[in-house]
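Asks:
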Amino acid sequence: MRVVVIGATGLIGSRTVARLRDHGVEVVPVSRADAVDVRTGQGLGRAVRGAEVVVDVTDAPSRDQTVSTQFFTASTGHLLKAAAAAGAEHYVALSVVGADRVEAGYFRAKAAQENLARHSTVPYTLVRATPFHESVEAVATQGARHDGVHVPPLLVRPVSADDVAAALAHAAVGLPRFGVLEVAGPEELRLDEAAGELLAVLGRGGPVVPDVHATFFGAMLGQRALLPGPGAHLGRKTFAEWLKSR
Numbered sequence: 186m187r188v189v190v191i192g193a194t195g196l197i198g199s200r201t202v203a204r205l206r207d208h209g210v211e212v213v214p215v216s217r218a219d220a221v222d223v224r225t226g227q228g229l230g231r232a233v234r235g236a237e238v239v240v241d242v243t244d245a246p247s248r249d250q251t252v253s254t255q256f257f258t259a260s261t262g263h264l265l266k267a268a269a270a271a272g273a274e275h276y277v278a279l280s281v282v283g284a285d286r287v288e289a290g291y292f293r294a295k296a297a298q299e300n301l302a303r304h305s306t307v308p309y310t311l312v313r314a315t316p317f318h319e320s321v322e323a324v325a326t327q328g329a330r331h332d333g334v335h336v337p338p339l340l341v342r343p344v345s346a347d348d349v350a351a352a353l354a355h356a357a358v359g360l361p362r363f364g365v366l367e368v369a370g371p372e373e374l375r376l377d378e379a380a381g382e383l384l385a386v387l388g389r390g391g392p393v394v395p396d397v398h399a400t401f402f403g404a405m406l407g408q409r410a411l412l413p414g415p416g417a418h419l420g421r422k423t424f425a426e427w428l429k430s431r
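Take any residue in the sequence shown, count from 1 to its spot, add 185: that is its number in our numbering.
1) If you drop the 5 nearest sequence neighbours on each side, which residues of the same chain put their C-beta closer than 6 Å to that of D377?
2) So, under 8 Å CB-CB, R206 and V212 are touching, yes? Tell me the CB distance rounded to an integer number of Å.
3) Is A273 helix, strand or coil by DSSP?
4) Taking the alpha helix (DSSP H) that R200 belongs to, which residues open and close that run?
5) According to DSSP, is G333 helix, strand or coil?
6) Let's test the definition: count the other Cβ atoms within 10 Å of the Cβ of K295 and tell me whether it reaches 16, buried, or not, exposed.
7) Spatial neighbours of P371 within its chain, please: CB distance less than 8 Å, with the 5 preceding and 5 following residues excluded, ordered by chain position.
8) Go to V284, then tell me how far its beta strand (DSSP E) extends in each direction, as first and last residue.
9) Rounding to the nearest angstrom, what Cα-Cα distance links V238 and V287 in this structure?
10) Please state the DSSP three-state secondary structure of L374.
11) Give the single residue among T310, V344, S216, A268 whose Cα lies nearest to the Cα of D244.
12) Since E426 sits in a beta bridge, which residues does DSSP pair it with?
13) Please name the residue, chosen from G228, L366, A357, R431, that lies closest to A385 on a Cα-to-Cα basis.
14) Per DSSP, M338 is paired with what?
15) Quick test of your reading: R248 and G290, contact by CB under 8 Å. State the CB separation rounded to the nearest angstrom.
16) Using 8 Å as the threshold, is the region 407-415 in touch with the region 347-361, meaning 3 or more CB pairs across them?
17) Using DSSP with H/G/I as helix, E/B as strand and the rest coil, what is E237?
18) Per DSSP, what kind of secondary structure is Q250 in: helix, strand or coil?
19) Buried or exposed: G328, going by 16 or more other Cβ atoms within 10 Å of its Cβ?
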């Protein structure tokens, strides 16, 4: 099996390449360093030639709804067209839990990407992940205000990058689902409390302020909006274990 991974040098992409090699398949990692630009389609035909499976772990340069939607609409369209022309039998894309129900921000961009996959001629699997452990740090950094760090008090199951990569690799070597696989962390936490634990480990002062008006990935969310469904695959690495590795 020849699997081409687009976005292979990022947080998830590099780990996905390693997990796929553990499965014993032929892996072709592709990134911008290979003169491939998913936004324009440059080099994609050459990059996916001979691919049986294409794994898409590209990401937008911003969580802004307009910027990220433009990115995924263009890049996914080019990639699916190239995959179809190459005769690929499976397209696997990384998405986010909430893409089907959150009507704002980055979630709308991911919904647009998912819709392109559903209407393509290439069989597909969508792997929706809950927020990564690293997303907690991003929220804590971006929420800094004069009176503290404002974080929405959302319920989350933060998941490790390794567990997401393992789920992507497993999906890639399996049959297309023509649907969604959710992957989540093993424990349910409150995002503001997790952010406070992280800031304490990093030695950063200032209180964490639970703020229902604070946004996550460009959207104001209900408390349970980021929780997966009951059939989600649960990863192994806890948030506390990730903190110890910081």
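Ideal Cβ placement from N, Cα and C applies to all residues, glycine included.
Keep in mind it's a predicted model, so treat the numbers as computed, not measured.
Replies: The relevant details are as follows:
1) Start at 1 with the first residue of the sequence shown, and residue 377 comes out as number 192. The beta carbon of D377 is closer than 6 Å to those of V336, P338, V393, P395 in its chain, skipping five residues each way along the sequence.
2) What you label residue 206 is simply residue 21 of the sequence shown in a count that begins at 1. What you label residue 212 is simply residue 27 of the sequence shown in a count that begins at 1. Confirmed, Cβ separation roughly 6 Å.
3) Counting from 1 along the sequence shown, the entry for residue 273 is found at position 88. Coil, per DSSP.
4) Looking up residue 200 in the sequence shown gives position 15. In this chain, the alpha helix (DSSP H) harbouring R200 covers 196-207.
5) By one-based count along the sequence shown, residue 333 stands at place 148. Secondary structure of G333 (DSSP, three-state): strand.
6) Residue numbering aside, residue 295 sits at position 110 when the sequence shown is read from its first letter. By the neighbour-count rule (16 or more Cβ atoms within 10 Å), K295 is buried.
7) Here residue 371 refers to the residue found at position 186 of the sequence shown. Sequence-distant Cβ neighbours of P371 in its own chain, meaning closer than 8 Å and more than five residues away, are R342, L419, G420, R421, K422, T423.
8) Counting from one through the sequence shown, the residue named residue 284 turns up at place 99. A small fix is needed here, since residue 284 is Ala in this sequence, not Val. If you look at A284, you'll find it isn't in any beta strand (DSSP E); DSSP assigns it neither H nor E.
9) One-based indexing of the sequence shown puts residue 238 at position 53. One-based indexing of the sequence shown puts residue 287 at position 102. So the two alpha carbons sit approximately 29 Å from each other.
10) Start at 1 with the first residue of the sequence shown, and residue 374 comes out as number 189. Strand.
11) As a position in the sequence shown, residue 244 is number 59, starting the count at 1. Taking only the C-alpha atoms, the option nearest D244 is S216.
12) Taking the first residue of the sequence shown as position 1, residue 426 is located at position 241. Per DSSP, none; premise fails for E426.
13) Residue numbering aside, residue 385 sits at position 200 when the sequence shown is read from its first letter. For A385, the closest alpha carbon among the candidates G228, L366, A357, R431 is that of R431.
14) In the sequence shown, counting from the first residue as 1, residue 338 sits at position 153. Before going further, note that residue 338 is Pro rather than Met in the sequence given. The partner list for P338 (beta bridge, DSSP) is empty, contrary to what the question assumes.
15) The residue labelled residue 248 in the question sits at position 63 within the sequence shown. The residue labelled residue 290 in the question sits at position 105 within the sequence shown. Contact flag correct, Cβ pair sits at about 7 Å.
16) Touching, no.
17) Reading the sequence shown from its first residue, position 52 is the one you call residue 237. Coil at E237, not helix or strand.
18) Position 65 of the sequence shown, counted from the start, is the residue given in the question as residue 250. Reduced to three states, the DSSP call for Q250 is helix.
19) Counted from its first residue, the sequence shown places residue 328 at position 143. With 16 or more Cβ atoms within 10 Å of its Cβ, G328 is classed as buried.
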